[in-house]
Amino acid sequence: MFEKELERVRKQLEQQLESRQSYTALHTIVANQEIHPAYRMYFNAEVQWWLHEERAIRSSNPRFDNSASEVRQALERLDTLYLQHARFDHEELLATIEAATKTRLNFLCRPRTTLKWFVFRGEPTKPLYEVLLRLSYLSDHDYLLEGIRTWAAGRGDVSVNEILSVVEFERIIEKIDNDAILDLSQEEFVQLLEPMYQYFSDVNPDLPPETVPTEAVIIFLDDKGAVPLSQALERMLYREELRALTRSKFMEVIDAVIATIDEGVQEPHVEPVIYHDSVAAEQNESVEAPEAEPTSPDADVLQVRREKLAQLLDDEARSKVIRKIFNDNANMFNELVREILLCPTWKEAASVVDRFYAKNGTHPDSAVAMEFAQALHRSIA
C-alpha cells in the first residue's frame, strides 16, 4: 500500500544523496538541508547504532580491561572520531534509504504497531538502553516518543540495563497513548494527523489539496483501537468511494460517531447512499433502468481483478467469508464474485454487494462483511 508515495520519496532521497564517490559521509547527509529532517535523523541514528554494536564487541572481549580510566577515555575519543568520520557505501546508502522511507510511513500510519516491530524486531526482550536508541530513529508523533522517554527517565539511571519485554512495552505504549488522547477535543484529536497530512501533501501531488488517503486514516484509527471511527470511514470508502479525507470531513465523521454512541447505538451510522438505493431497487422493480448498459471488463481485466482479490483475500479469509456470509456455499461465493468483478465501476459493484447483503440478511457493518467488501473494492479500484 502507498507504493507510489514510497517510490517518490526513495527517488527524491537518492537524488539528494547522489554521489559519484564510493562512500557518502554522515556529516554531508546531516548537513544537507534539502533532506527532510526525519530522514537525516534516521541516518544519524543508524550510525549511533553502529557505535553501539562496536561497544558491544569491545566489551565482549575479556582480554582487555575496558573499564580502566585511560582505556575508557581513549575509547570515548575513538567513538567521537567514528561519529565524525562515519560513512555509507553505495549499497548501505540505498538500503538505509529503503528502510527509512518504509519506517517513517509505517510510523505515521500505525505508530503503536511500528514501535513494537521496529524496536524489538521480533525478539521477546530488549535492554531498555537499546529501546531508547531505537526511538532515536523516529521523529513523528513526538508526544508518544517523549512519553516513553519520560517513563524510562522516571526509573532512574540503573534502569538503562533493565530488560524490557515486548508485552510490557506494548502495555506502556498503550497507556501513554491512551492517557495522551483521553482528554483531547475532536479538534485536538484531528491535530494528531497533522504529520500525516504534511507527509502526503509533500509526496503525493495527485491528492486533492489538504487531504490524506482515507485508507491511511483507517489504518491509523485501527492502530489506536478506535474501531467505531475506522468502521465508519471504511463504509464511506467502499460505499461512497471517499478516497481522500479533509480535516473538516473527518471532524464530521467523529461528531456523527460520538452522537450515535451518546444515543446508545452500537454501530455508528454514516448514511450509505448506495446501500439505500440498491435496497430500493431490490424492493421496487419499477426503478428506472439506465439508458445504456455499461460495458463489462474484458477477459484480461477480469483476470487481473481475480488475481488482486486472491492476494487481498487469502485462503483463510476466503474460507471465513464463505462460512459466515455464504453459509458454506462456495458456488454462491464464486458466482457473486464473478458478477461483482464484471462490473465496470465500483459504484455498480457496491450496489451488487449491498443487494446481496440485504437479500440474505447479512449485516453490512459486521467485520467479515466489511473485510469482504473492502477486498472487492480494492480489486476493482
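Here numbering that gives the first Met the number 0 is used: position 177 in the sequence shown is 176, and no number is missing along the way. The C-beta atom is built at its ideal place from N, Cα and C for all residues, glycine as well.
Practice prompt. Below 6 angstroms CB to CB, which residues in the same chain sit around GLN197 once its five sequence neighbours on both sides are set aside?
Written response: Around GLN197: no qualifying Cβ.
Item to complete: Taking only runs that begin and end inside the segment 60 to 91, name each unbroken alpha helix (DSSP H) of 4 or more residues, in chain order.
Response: 68 to 83
Worksheet item: Of all the options LEU241, PRO110, ALA179 and GLU251, which has the alpha carbon lying nearest to the alpha carbon of ILE218?
Response: Among LEU241, PRO110, ALA179 and GLU251, the Cα nearest to that of ILE218 belongs to PRO110.
Item to complete: Just mark LYS125 as buried or exposed, buried being the case when its beta carbon has 16 or more other beta carbons within 10 Å.
Response: buried
Worksheet item: For the alpha helix (DSSP H) that contains ALA200, what are its first and last residues?
Response: In the sequence as presented, Ala is not what sits at residue 200; that position holds Ser. Note, SER200: alpha helix (DSSP H), 193 to 202.
Discussion item. Quick test of your reading: VAL336 and LEU301, contact by CB under 8 angstroms. State the CB separation rounded to the nearest angstrom.
Written reply: So it is not a contact: roughly 11 angstroms between Cβ atoms.
Worksheet entry | Strand pairing of VAL211, partner residues [DSSP] | LEU244
Discussion item. Assuming SER318 is part of the alpha helix (DSSP H), what are its boundary residues?
Written reply: 314 to 324
Discussion item. Can you tell me whether HIS362 is buried or exposed? The criterion is at least 16 other CB atoms within 10 Å of its CB, across all chains shown.
Written reply: With a 10 Å radius around the Cβ and a threshold of 16 neighbouring Cβ atoms, HIS362 comes out exposed.
Discussion item. Between the alpha carbons of VAL46 and ILE172, how many angstroms are there, rounded?
Written reply: 26 angstroms
Fill in: Contact under 8 angstroms by Cβ, GLN83 with HIS26
yes
Worksheet item: If you run the structure through DSSP and keep just helix, strand and coil, what is THR113?
Response: helix
Worksheet item: How many angstroms separate the CA atom of LEU5 from the CA atom of GLU347?
Response: 31 angstroms
Discussion item. Please identify the residue among GLU122, LEU144, GLU145 and HIS140 whose C-alpha is closest to the C-alpha of ILE162.
Written reply: Ranking the options by Cα distance to ILE162, first place goes to GLU122.
Worksheet item: Between which two residues does the beta strand (DSSP E) containing SER164 stretch?
Response: 162 to 164
Fill in: LEU131 vs ARG148 beta-carbon contact at 8 angstroms
Taking the C-beta atoms as reference points, ARG148 is found nearer than 8 angstroms to LEU131.
Fill in: Classification of PHE63 by the beta-carbon crowding that lies within 10 angstroms, buried from 16 upward
With fewer than 16 Cβ atoms within 10 Å of its Cβ, PHE63 is classed as exposed.
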